[in-house]
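Residue numbers (the working numbering): 600 to 933.
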């Protein structure tokens, strides 16, 4: 946790986070090796944490060490049937290659005849999506606090030519300290220049993806703009009951901002959510610095906002349910 004395800008925190990833913050190599040699019987299975098209994620306890993990259990038959082999292999390869304090760690992978298993870091705070839906929307300071962390994550990934391509509240977890943890790298890809795969969640897809013009790192900055809007308003800027209606609104590019929307946040979102890549922030000559130096991020948070006690209190206030994080670990085992 960063030490703060006096006023701190949001991006000073983000810069510290980016700088800190030069340290070996990922799982120790020895622990990875141990879990790579595991079998399903190496774990005591707890509750299901989530489900998906290929399987589910279970809370587990490693019998030999007593450590807790989120075990992603994927059905091989479903992966092959839905032609997702490349995506799964890419997710595993990328997660093993990256280490960032706000990205979920992969501690090992193994398989049996029917399933592929990914032993992931267990994040006690749960889905960001759940917290956002409970309160409806976040205030300006909380939105800046979380958006700054996404900037830090994308800056790190892009430095390794990795495009995430699937930012949305459902793919973000909250740690016990209130900081974000990005998860689900199924659509992430190493992209040197452009790729042409149509992927993503309808409300978050960038115009260049819809138009099949080829896309790269710029799509991630687009999703940052969408998420920032959703955090402050409670829903994405482009919504419709039908996906085609959503796509039409994305291509039209008209965004309605509530009066309560912070003016500096509005300015940044408008500069990110532009279809013209020669004008979109994050893709210009200044790169990510254009975003980091904008007025919204350069303005100061209250001097106590990044303290551990304040973040914990904020998390408790947001969820209305996280009263004892240690107890939640016990409960999930039942």
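Don't be surprised by glycine CBs; every beta carbon is placed ideally from N, CA and C. Given the structure is predicted, the values throughout are model-derived calculations rather than measurements.
Legend entry - residue 658 - partner residues in DSSP beta bridges: On the chain shown, residue 658 is found 59 positions in, with the first residue counted as 1. The secondary-structure analysis by DSSP pairs residue 658 across a beta bridge with 669.
Inset, instruction - Leaving out five residues on either side along the sequence, give the residues of the same chain with a beta carbon under 6 Å from the beta carbon of residue 749. - result: Within the chain shown, the letter at position 150 stands for residue 749. Its chain contains 823 as the residues whose beta carbon lies nearer than 6 Å to that of residue 749, once the 5 sequence neighbours on both sides are disregarded; these appear in chain order.
Legend entry - Three-state secondary structure assigned by DSSP to residue 752: Along the chain shown, read from residue 1 onward, the residue named residue 752 stands at position 153. DSSP, read as helix, strand or coil, puts residue 752 in helix.
Inset, instruction - Using alpha carbons as the reference points, say which of 851, 817, 742 and 717 lies closest to residue 864. - result: The sequence position of residue 864 within the chain shown is 265, counting from 1. 742 is the residue among 851, 817, 742 and 717 whose C-alpha sits nearest the C-alpha of residue 864.
Legend entry - Distance between residue 693 and residue 787 (C-alpha atoms, nearest Å): Against the chain shown, residue 787 aligns to sequence position 188. Against the chain shown, residue 693 aligns to sequence position 94. C-alpha of residue 787 to C-alpha of residue 693: approximately 8 Å in a straight line.
Legend entry - Opening and closing residue of the beta strand (DSSP E) in which residue 643 lies: The residue given as residue 643 occupies position 44 in the chain shown. First-last of the beta strand (DSSP E) with residue 643: 642–650.
Legend entry - Span of the beta strand (DSSP E), counted from its first residue to its last, around residue 767: Residue mapping note: residue 767 aligns to position 168 of the chain shown, counting from 1. Boundaries cannot be given for residue 767, as no beta strand (DSSP E) includes it and DSSP labels it neither H nor E.
Legend entry - Assigned secondary structure, residue 824 (DSSP; H/G/I helix, E/B strand, else coil): As a first step, residue 824 is located in the chain shown; it is residue number 225 there, counting from the start. Helix, per DSSP.
Inset, instruction - Taking residue 817 as the reference, give the member of 782, 783, 655 and 763 with the closest Cα. - result: To locate residue 817, count along the chain shown from 1; it is residue 218. Comparing Cα positions, the closest option is 763.
Inset, instruction - Reducing DSSP to helix, strand and coil, say where residue 890 ends up. - result: As a first step, residue 890 is located in the chain shown; it is residue number 291 there, counting from the start. Under the three-state reduction of DSSP output, residue 890 falls in the helix class.
Legend entry - Every unbroken beta strand (DSSP E) inside the stretch 694–757 [3 residues or more]: The beta strand (DSSP E) runs of length 3 or more contained entirely in the stretch 694–757 are, from start to end of the chain, 705–710 and 714–720.
Inset, instruction - Could you spell out the range, first to last residue, of the alpha helix (DSSP H) harbouring residue 850? - result: Position 251 of the chain shown, counting from 1, holds the residue named residue 850. Its alpha helix (DSSP H) spans residues 842–851.
Legend entry - Contact under 9 Å by Cβ, residue 737 with residue 830: Here residue 737 corresponds to residue number 138 of the chain shown, with the count starting at 1. Here residue 830 corresponds to residue number 231 of the chain shown, with the count starting at 1. Yes; because the gap between Cβ atoms is below 9 Å, this pair is in contact.
Legend entry - Neighbourhood of residue 791 by C-beta distance below 7 Å, restricted to the same chain and skipping five residues each side: Here the question's residue 791 lines up with position 192 in the chain shown. Once the five neighbours on either side are set aside, the close Cβ partners of residue 791 are 760.
Legend entry - Range of the contiguous beta strand (DSSP E) that encloses residue 781: Your numbering for residue 781 matches position 182 in the chain shown. Residues 779–781.
Legend entry - Which residues DSSP lists as bridging residue 810, in chain order: Start at 1 with the first residue of the chain shown, and residue 810 comes out as number 211. Answer is none; residue 810 lacks a bridge partner.
Inset, instruction - Would you identify the three-state DSSP class for residue 773, choosing helix, strand or coil? - result: Here residue 773 refers to the residue found at position 174 when the chain shown is read from its first residue. The DSSP-derived three-state label of residue 773 is strand.
Legend entry - Segment contact, 8 Å Cβ cut-off, at least three pairs: the stretch 726–734 with the stretch 671–688: No contact exists between the stretch 726–734 and the stretch 671–688.
Legend entry - Three-state secondary structure assigned by DSSP to residue 794: Walking along the chain shown from the start, residue 794 turns up at place 195. It is a strand residue.
Inset, instruction - Have a look at the DSSP bridge pairing and note the partners of residue 788. - result: Counting from 1 along the chain shown, the entry for residue 788 is found at position 189. According to DSSP, residue 788 bridges with 762.
Inset, instruction - Tell me whether residue 604 sits in a helix, a strand or coil according to DSSP, three-state version. - result: In the chain shown, counting from the first residue as 1, residue 604 sits at position 5. Per-residue confidence for residue 604 stands at a pLDDT of 34, beneath the threshold of 50, marking its modelled position as unreliable; no derived number is given.
Legend entry - Cβ-based neighbour list, residue 861, same chain, cut-off 6 Å, excluding 5 preceding and 5 following: One-based indexing of the chain shown puts residue 861 at position 262. Result list for residue 861: 739, in chain order.
Inset, instruction - Output the boundary residues of the alpha helix (DSSP H) element that contains residue 883. - result: Position 284 of the chain shown, counted from the start, is the residue given in the question as residue 883. Careful: residue 883 lies outside any alpha helix (DSSP H) and carries neither H nor E.
Inset, instruction - Could you tell me the distance, in whole angstroms, from the CA atom of residue 747 to the CA atom of residue 895? - result: What you label residue 747 is simply residue 148 of the chain shown in a count that begins at 1. What you label residue 895 is simply residue 296 of the chain shown in a count that begins at 1. Computed Cα separation, rounded: 10 Å.
Legend entry - Cβ pair residue 669, residue 644 closer than 9 Å: For the purposes of this step, residue 669 is identified with residue 70 of the chain shown, where counting begins at 1. For the purposes of this step, residue 644 is identified with residue 45 of the chain shown, where counting begins at 1. No, the Cβ-Cβ distance between residue 669 and residue 644 is not below 9 Å.
Inset, instruction - Please determine, among 714, 683, 889 and 850, the residue with the shortest C-alpha to C-alpha distance to residue 784. - result: The sequence position of residue 784 within the chain shown is 185, counting from 1. The option with the nearest alpha carbon to residue 784 is 683.
Legend entry - Three-state class that DSSP yields for residue 906 in the structure shown: Numbered from 1 along the chain shown, position 307 holds the residue referred to as residue 906. Reliability of the predicted coordinates at residue 906 is poor, the pLDDT of 48 falling under 50, and the value obtained from them is presented with this limitation in mind. The three-state secondary structure of residue 906, taken from DSSP, is coil.
Legend entry - Endpoints, the alpha helix (DSSP H) within which residue 805 is located: Position 206 of the chain shown, counted from the start, is the residue given in the question as residue 805. Taken as a continuous stretch (DSSP letters only), residue 805 belongs to no alpha helix (DSSP H), as it is neither H nor E.
Inset, instruction - Tell me, please, which residues DSSP counts as bridged to residue 674. - result: By one-based count along the chain shown, residue 674 stands at place 75. Note: residue 674 sits in a beta bridge opposite 714.
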